[in-house]
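Chemist: Numbering (my numbering), first residue to last: 34 to 486.
Backbone N, C-alpha and C define an ideal beta-carbon position, used for all residues, glycine too.
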Ligand code: ATP
Ligand code: MG
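1. Below 8 Å, is the gap between the Cβ of residue 98 and the nearest heavy atom of the ligand MG?
2. When you compare each of 448, 373, 385, 302 to residue 412 by their alpha carbons, which one comes out closest?
3. Judging by CA-CA distance, which residue of 299, 350, 482 is the nearest neighbour of residue 367?
4. Short of 7 Å in beta carbon distance, which residues of its chain neighbour residue 364, apart from the five on each side in sequence? Order them along the chain.
5. Within the continuous beta strand (DSSP E) that includes residue 216, where are the two ends?
6. Return the first residue and the last residue of the alpha helix (DSSP H) that residue 393 is part of.
7. State yes or no: is the C-beta of residue 195 nearer than 8 Å to some heavy atom of the ligand ATP?
8. Any idea what DSSP makes of residue 79, helix, strand or coil?
9. Report all residues from its chain with a CB closer than 8 Å to the CB of residue 302; omit the five preceding and five following residues, and keep chain order.
10. Examine the Cβ distances between the region 139-148 and the region 113-120 and report whether three or more of them are shorter than 8 Å.
11. Give me the Cβ distance between residue 47 and residue 112, rounded to the nearest whole Å; I'm assuming they're in contact under 8 Å.
12. Could you tell me the alpha carbon to alpha carbon distance between residue 247 and residue 391, rounded to whole angstroms?
13. State whether the region 61-74 contacts the region 150-168, with contact taken as three or more CB pairs (one from each stretch) at a distance under 8 Å.
14. Report yes or no: do the region 223-241 and the region 283-300 share at least 3 C-beta pairs separated by less than 8 Å?
15. Counting Cβ pairs closer than 8 Å, one from the region 413-424 and one from the region 437-452, do we hit at least three?
16. Report yes if the C-beta of residue 62 is less than 8 Å from at least one heavy atom of the ligand MG; otherwise report no.
17. Tell me whether residue 78 counts as near the ligand MN, meaning its Cβ is closer than 8 Å to at least one heavy atom of that ligand.
18. May I ask which residues mark the beginning and end of the beta strand (DSSP E) holding residue 445?
19. Between residue 51 and residue 250, what straight-line distance do the alpha-carbon atoms span, to the nearest angstrom?
20. Decide if the region 194-205 is in contact with the region 221-231; the criterion is three or more beta carbon pairs, one per stretch, under 8 Å apart.
21. How about residue 293 and residue 263: do their beta carbons lie closer than 9 Å?
22. Have a look at residue 220 and residue 213 and give me their C-alpha separation to the nearest angstrom.
23. For residue 405, which residues from the same chain have a beta carbon less than 6 Å from its beta carbon, with the 5 sequence-adjacent residues on both sides left out?
24. Is the distance from the Cβ of residue 145 to the Cβ of residue 185 below 9 Å?
25. From this set, 424, 359, 66, which residue's C-alpha is nearest residue 179's C-alpha?
26. Unbroken beta strand (DSSP E) runs of length 3 or more, entirely within the region 101-165: which are they?
27. Please list the terminal residues of the continuous alpha helix (DSSP H) segment that includes residue 177.
28. Around the Cβ of residue 457, are there at least 16 other Cβ atoms within 10 angstroms (buried) or fewer (exposed)?
29. Taking the alpha-carbon positions, what's the residue 170 to residue 154 distance?
30. Can you give the Cα-Cα distance for residue 443 and residue 460, rounded to whole angstroms?
31. I'd like the span of the beta strand (DSSP E) that includes residue 322, first residue to last.
32. Please tell me whether residue 81 and residue 103 are closer than 9 Å, where the distance is taken between their beta carbons.
33. Give the secondary structure of residue 348 by DSSP, where H, G and I count as helix, E and B as strand, and everything else as coil.
34. Using DSSP's beta-bridge definition, name the partner residues of residue 97.
35. What does residue 169 pair with, by DSSP beta-bridge criteria?
36. Count the other CB atoms within 10 Å of the CB of residue 449; is the residue buried (16 or more) or exposed (fewer)?
Shown next, in the form of structure tokens:
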């Protein structure tokens, strides 16, 4: 693979600081890989023979991370002056002893770049570039060309040192559209259980990266094949034993396969919507029932059980409150009806329960769900429903949408039934419609009492 690698000027300028001070400096890891693959890079990592305190001396602003020996330096790209980059510089390091499958017991500096490359996880990440020469000690360029993910050195040992690498291999495969080399793949399967030593925050980071990649469904298939899935998402693993092919039903796949196919076909890049697509049917495990006579399989209320389970997953993955709410809502509401006979009021209620911010996502999930069960992407009913969603949101609210009723008016003001009640409601409605009053029960009741005085 002969290619000239173009380092942007602001990165060259940064490297010059080290060169001028008499040190070696290399771009390493993902950035070199991305340069070779012509992918854009946000994340620049460097390695040098300068030590942390020396590196810190070169720059006004920097932070030292003790755990990894990394100095973090914020850099402004002067060409596109608004973009800020976080450059990470780590002095040449050796692989040191690991005693808990995740942290090196202590950091040891290395003398040479070659030693440093030896400690890196995969060959595709074990390249260094000083602006002129590419240092390749593990046939990295060959593997990049052949699109192969291969552990540097003995895969079994490398996964035992740091079990997060099990997921990183799969993450790179789904991001880059690479395959995992056989020995490395076997070693992932063999060591899958070690993932239990890794914190859920770190697992979540890699998992969300898999979901956000160009090939999330392939990522989940890798997790399943290697046996990692049962440790990370046992709720989904259980779905693969639930059959749903039965008379009068359109399903062709078991629930697990259907979930992956739904993820594959949900037309969004949003990782939480993708997560919901993957989990939308997890409630089927507990609710499956087969009619003895007809053989028909049903899953009553699976979306309610599923929402509860999704909440558990969100908690375990330490999702933010907002992410959790979205995940749970999408799983809970994925069974929404597109029946053409629904009233405007019913459609409004649907919009309220899903939330306008999740409306497109729940529709996307429906598209994925349909294709993922072997149906057409949409139906005339679905299209009609989408039109009505838009129309209903455009239409002004009517007096019937007020959060109080005639009964509330009569009770609050002590009035008997009659045309007066309607008039009062109309007056309130005017104010809500023109935005001077909020459509909230408490506020509307207060307004009523105010006018009474
Ligand atoms: P990206 O930035 O796209 O996530 P990357 O390859 O740069 O990909 P980082 O997590 O930024 O990945 O790490 C930078 C480099 O540090 C990697 O390319 C790899 O060489 C090394 N590295 C990171 N994590 C590990 C690890 N757990 N074990 C061994 N080497 C690692
Ligand atoms: Mg990186």
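Modeler: In short, the structure shows the following:
1. No, the beta carbon of residue 98 sits no closer than 8 Å to any heavy atom of the ligand MG.
2. Out of 448, 373, 385, 302, 373 has the C-alpha closest to the C-alpha of residue 412.
3. Nearest to residue 367 by C-alpha distance, out of 299, 350, 482, is 299.
4. So the list reads 309, 312, 313, 336, 339, 340, 343, once near-sequence residues are dropped.
5. Premise fails: residue 216 lies in the alpha helix (DSSP H), 215-224, not in any beta strand (DSSP E).
6. Per DSSP, residue 393 belongs to the alpha helix (DSSP H) from 392-404.
7. Checking every heavy atom of the ligand ATP against the Cβ of residue 195, one is found closer than 8 Å.
8. Of the three classes helix, strand and coil, the one that applies to residue 79 here is strand, per DSSP.
9. Counting only Cβ-Cβ distances below 8 Å, and skipping sequence neighbours, we find 245.
10. No: the two stretches stay apart, fewer than three of their Cβ pairs being nearer than 8 Å.
11. With 8 Å as the limit, residue 47 and residue 112 do not qualify as a contact, their Cβ atoms being about 13 Å apart.
12. Using only the alpha carbons, I get a separation of about 22 Å.
13. Flag = yes, the region 61-74 and the region 150-168 touch.
14. With a cut-off of 8 Å, the region 283-300 and the region 223-241 do not count as touching, because too few Cβ pairs lie within range.
15. Flag = no, the region 413-424 and the region 437-452 do not touch.
16. Here the distance from the Cβ of residue 62 to the nearest heavy atom of the ligand MG is below 8 Å.
17. Although the ligand MN was asked about, the structure shown includes only the ligand ATP and the ligand MG as ligands.
18. Here residue 445 belongs to no beta strand (DSSP E); instead the alpha helix (DSSP H) covers 439-446.
19. Cα-Cα distance, rounded: 43 Å.
20. Between the region 194-205 and the region 221-231 there are three or more inter-stretch CB-CB distances shorter than 8 Å, so the stretches are counted as touching.
21. The answer is no: Cβ separation not under 9 Å.
22. Distance between the alpha carbons of residue 220 and residue 213 is about 11 Å.
23. Within the same chain, 291, 294, 295, 298 come within 6 Å of residue 405 by CB-CB distance, once the 5 residues on both sides are set aside.
24. Note that the C-beta distance between residue 145 and residue 185 is not below 9 Å.
25. Out of 424, 359, 66, the CA that lies nearest to the CA of residue 179 is found in 66.
26. Restricting attention to beta strand (DSSP E) runs no shorter than 3 residues, the region 101-165 encloses them at 103-109, 117-124, 160-162, ordered along the chain.
27. Annotation for residue 177: the continuous alpha helix (DSSP H) segment containing it runs 173-179.
28. Answer is buried; the Cβ neighbour count reaches 16.
29. Their backbone Cα atoms lie some 13 Å apart in a straight line.
30. Answer to the nearest angstrom: the Cα atoms are 15 Å apart.
31. Looking at the DSSP string, the run of the beta strand (DSSP E) that includes residue 322 is 321-323.
32. No.
33. For residue 348, the secondary structure class from DSSP, reduced to helix, strand or coil, is helix.
34. Residue 97 pairs with 104.
35. Under DSSP, the beta-bridge partners assigned to residue 169 are 160.
36. Classification of residue 449: exposed, given that the 10 Å Cβ count is below 16.
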